[in-house]
Amino acid sequence: MKNVSEIVPNVIEMLNLPISTAPIMEMSVIDDTLWLATACKVTIISMKSLTTLRKIYVASSISGHGSAMFEKIRSMCPSSYGVWITTAHSQVLQLWKDNECILILDLGKEQYNKLM
1 MKNVSEIVPN VIEMLNLPIS TAPIMEMSVI DDTLWLATAC KVTIISMKSL
51 TTLRKIYVAS SISGHGSAMF EKIRSMCPSS YGVWITTAHS QVLQLWKDNE
101 CILILDLGKE QYNKLM
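Numbering (full-length UniProt numbering), first residue to last: 1 to 116.
This is the structure we're talking about:
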């Protein structure tokens with residue numbers, strides 16, 4: 001403890017970015033943004049400024065009553081077309097570009113819905 005006031009600490013700067021109370025399950029770098037998946041939500045952050053650009057809620061399917069069902073995001077895979085997203089307990093692949101879902105592919109029904 002001798003000379004403790006003369007020691008310069010090696011500081012790691014900690015930033016608190018309030019993304020979600022759920023843990024981050026998946027992340028991908030797309031251009032100059034970081035896509036973070038927490039539960040059924042994707043938060044897109046600017047890597048330069050660390051500001052939240054947008055939040056996307058990803059539905060896994062539509063129930064028989066016409067309301068969206070939300071499950072945890074299982075994977076995100078960037079491609080030249082956008083970001084492919086899958087959710088738990090679902091046979092649906094979704095293609096997202098920016099904050100818009102442009103393609104839904106239901107592998108269980110062997111059909112797709114082009115949303116553009």
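From the three backbone atoms N, C-alpha and C, an ideal C-beta is built for every residue, glycine too.
Quantities reported herein were computed from a predicted structural model and do not represent experimental measurements.
Where residue i sits in the DSSP three-state scheme
i: residue 77; result: strand
i: residue 82; result: strand
Sequence-distant residues of its chain with Cβ nearer than 7 Å to residue i (five each side left out)
i: residue 38; result: 19, 20, 22, 23, 24 and 25
i: residue 54; result: 44 and 99
Inter-residue spacing [alpha-carbon to alpha-carbon] between residue i and residue j
i: residue 109; j: residue 69; result: 17 Å
i: residue 40; j: residue 105; result: 18 Å
Neighbourhood of residue i by C-beta, 6 Å cutoff - its chain only, sequence neighbours within 5 removed
i: residue 97; result: 82
i: residue 27; result: 36
Whole-angstrom C-beta distance between residue j and residue i, which should lie under 8 Å
i: residue 43; j: residue 52; result: 6 Å
Contact under 9 Å by Cβ, residue i with residue j
i: residue 101; j: residue 95; result: yes
Sequence-distant residues of the same chain with beta carbon closer than 8 Å to residue i, five excluded per side
i: residue 74; result: 25, 26, 86, 87 and 88
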